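Only one structure is covered here, and it is reproduced in the block below.
Chains as they are written, first to last, in my numbering: chain A, 69 to 456; chain B, 514 to 962.
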């Protein structure tokens, strides 16, 4: 560590403003602060500071997604061998899954971080840790068969248009990872819908076992094959087709637990989101106009990426509502809209993505009304004081 | 029936180095008065280097309101007038005589004096700057009439001195000081005490005031928190506040006719060998007090508490309003992969570290920023330690945007920078929140005048 420190100290003067490699200041800074918490001391205000920083916060979120990623790796391998009807050992399954999933993760991180570094350097900022989370979220919301170049393009779109155009981390209106998915969804719809893309190797239709369906539960529901939807037990366990990170509800709940205990994910949004989803399902149950509406509430929220979206994407503090009251409304409406969109609009089986993006756009409005209520309360108090 | 207010939001940061209840003497012949301790004034010097002054004689006054004077705490010789950039007056230093020679302002029972007489005695003696006003946290304007006056009878900040020790055996002076305050408002004088502890009889026997009890974590002892509970400030309203130590000094003025600025100060912090209380005179140079009691080198001396105090580096005198000195280690070192470590010995409000599993533990915290400055990303954090009916993030953003109307609407009149100190401590993005709030208050004050 001492050798590393003195090595960094040796390079440091050259990358400072005025140094030979001042162009790489932000890049150097990113690596240096990754390795060592800087020796900066407080100058003004509070003399002591909490040890929490954005690196810690973001790494906890990444950690919370690890169970979903690991299960996604296993599931990719498992479904592949199931689709071609071969028995495979645990190691073979994991090996195949890694081969499929790891490149998507790498492409997402390399593309996104590369752009982030360039923008930070251009602006003279420090590199922000926000993309550590987005870079992990993007692979988790992709189908396993997605072409890598598409991941790269979608990531670039999300980071440049979704984030940097608005001013960088903390300023974006929409969740960048969801934008990446939405980009593929609207630009290359064939690659993110259908029954074959969720299983590695199924799209080219070689050696697929007869009668094996790669359809996701939502795909089945949308096409009216309600009876073919996996049982609640299977939905929770997650050895089913779907985006890489969304299938295992156990892994997602493990992540939710990490976010809730650490206090980094908003429990208000998560609870309100689940309640919203259940409420909408119950309303549909009561109306019961078609088979999709009659699916029981628990099965509804276990299908698709509903839970994944609520736990990892709706809770994004930047694109979500910021006030505590606002978070209740925001979360509840996401839950309701997610179920409503998937039931009413078979063209968009995955309602969660659109529901969250929609509410991202409305979050500032929700906050506006919450804050306005506080303002009028203050005005009212002032008027009473004047009268008395 | 005494009303009890429960503060639920907040945070007690348990630090190592709380003062033991022993009171020692500390004497020095070096004293100084710093204009920077007084927000919103423009100092105009009234003495020259080499002048002989008495205790209570004015050293400078406010240019905009020449009645507001700042007095020498001791009798002696003006040894230096320190000026900084652009000839800004930084410090007036006085070397004390062997014996104290007080300027006589005449004693008198404040309850029998007219308001004007009480005010002019306090102005002439240099006691007036002890009266501060909200909004803005500046010295009160004697021409104003506040709707109430607040005295917080306890300090809840980290390692804060026990106010019961500070007022011990000063019952008469404290009551006389309170009596003087009652002359200045037609409203009430509020004395707020901590619930559930044994409060000194100096406090519990106080008369002509309304006593309320507060419980809960810091900032329950901040006068701003108490005002928000009892009598929140609306636009155009003014509330004054005075600390208990200053009430005593005001009381002495009316009892003896002298500006007798003795007070008790707590020397605290992890780098102090034997933390305890010291009797000294306001404005004392505390350099030798700290160096003889320090355990180590490489420390930071703070006049005040770790959240809101002022760092003493080239200057050495205790801040005008302070009754606490904190000495903590400097944090100018690198920490290998610190953000990924469990950091069991560090305190964090966030549950992504483990301090919350060790509620009794006392921490040694240094001055490291513990991370880099980032954009405001996390939400809902400040609310957990901010016991006001205000949206802190929205108010901050209004200030950053220089949106005067927004600031007013969002309640800036009810807060000053110290109310945001805990938000700044827990902030993930390491924003200098107290500085931003101060800028907002200065902006608003300039706009209003």
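Each residue gets a CB set at the ideal place from its N, CA and C atoms; glycine is no exception.
As the structure is a prediction and not an experimental result, all values here were calculated from the model.
Pairwise C-alpha distance: residue j and residue i
i	j	result
residue 295/A	residue 287/A	12 Å
residue 852/B	residue 935/B	21 Å
residue 741/B	residue 728/B	14 Å
residue 276/A	residue 145/A	14 Å
residue 522/B	residue 787/B	32 Å
residue 387/A	residue 412/A	26 Å
residue 711/B	residue 779/B	19 Å
residue 553/B	residue 113/A	18 Å
residue 824/B	residue 139/A	52 Å
residue 261/A	residue 362/A	24 Å
residue 844/B	residue 111/A	12 Å
residue 839/B	residue 78/A	36 Å
residue 864/B	residue 330/A	4 Å
residue 107/A	residue 517/B	44 Å
residue 626/B	residue 743/B	29 Å
residue 211/A	residue 87/A	46 Å
Enclosing alpha helix (DSSP H) for residue i [first to last residue]
i	result
residue 543/B	First-last for residue 543/B: 543-546, but that is the beta strand (DSSP E), not the alpha helix (DSSP H).
residue 321/A	317-330
residue 82/A	70-83
residue 777/B	No alpha helix (DSSP H) holds residue 777/B; the beta strand (DSSP E) holding it covers 775-781.
residue 223/A	216-225
residue 955/B	946-961
residue 714/B	714-717
C-beta atoms of residue i and residue j nearer than 9 Å
i	j	result
residue 751/B	residue 655/B	no
residue 878/B	residue 528/B	yes
residue 818/B	residue 837/B	yes
residue 832/B	residue 763/B	no
residue 748/B	residue 536/B	no
residue 320/A	residue 383/A	no
residue 97/A	residue 907/B	no
residue 953/B	residue 925/B	yes
residue 141/A	residue 308/A	no
Residue interval of the beta strand (DSSP E) (run including residue i)
i	result
residue 645/B	645-647
residue 158/A	Residue 158/A -> not in any beta strand (DSSP E); alpha helix (DSSP H) instead, spanning 158-191.
residue 583/B	582-584
residue 663/B	661-665
residue 930/B	Unbroken run through residue 930/B: none, as it is neither H nor E.
residue 626/B	Where residue 626/B is concerned, there is no enclosing beta strand (DSSP E), given that its DSSP letter is neither H nor E.
residue 368/A	Per DSSP, residue 368/A belongs to no beta strand (DSSP E); it is in the alpha helix (DSSP H), 365-370.
residue 571/B	571-575
residue 839/B	837-842
CB contact below 9 Å: residue i versus chain A
i	result
residue 891/B	yes
residue 886/B	yes
residue 852/B	yes
residue 807/B	no
residue 574/B	no
residue 813/B	yes
residue 934/B	yes
Test: residue i CB closer than 9 Å to a CB of chain B
i	result
residue 115/A	yes
residue 390/A	yes
residue 79/A	no
residue 107/A	yes
residue 44/A	Nothing about residue 44/A can be reported from this structure: the residues present for chain A run from 69 to 456 only.
residue 121/A	yes
residue 395/A	yes
residue 154/A	no
residue 432/A	no
residue 453/A	yes
residue 194/A	yes
residue 184/A	no
residue 410/A	no
DSSP bridge partner residues for residue i (one or two, in chain order)
i	result
residue 128/A	For residue 128/A, which the question treats as bridged, DSSP gives no partner whatsoever.
residue 881/B	109/A
residue 203/A	For residue 203/A, which the question treats as bridged, DSSP gives no partner whatsoever.
residue 538/B	792/B
residue 565/B	590/B
residue 723/B	703/B
residue 489/B	Shown here, chain B extends from 514 to 962; a query on residue 489/B therefore has no answer.
Contact test: residue i Cβ vs the ligand GTP heavy atom, cutoff 8 Å
i	result
residue 848/B	The ligand GTP is absent from the structure shown, which contains no ligands of any kind.
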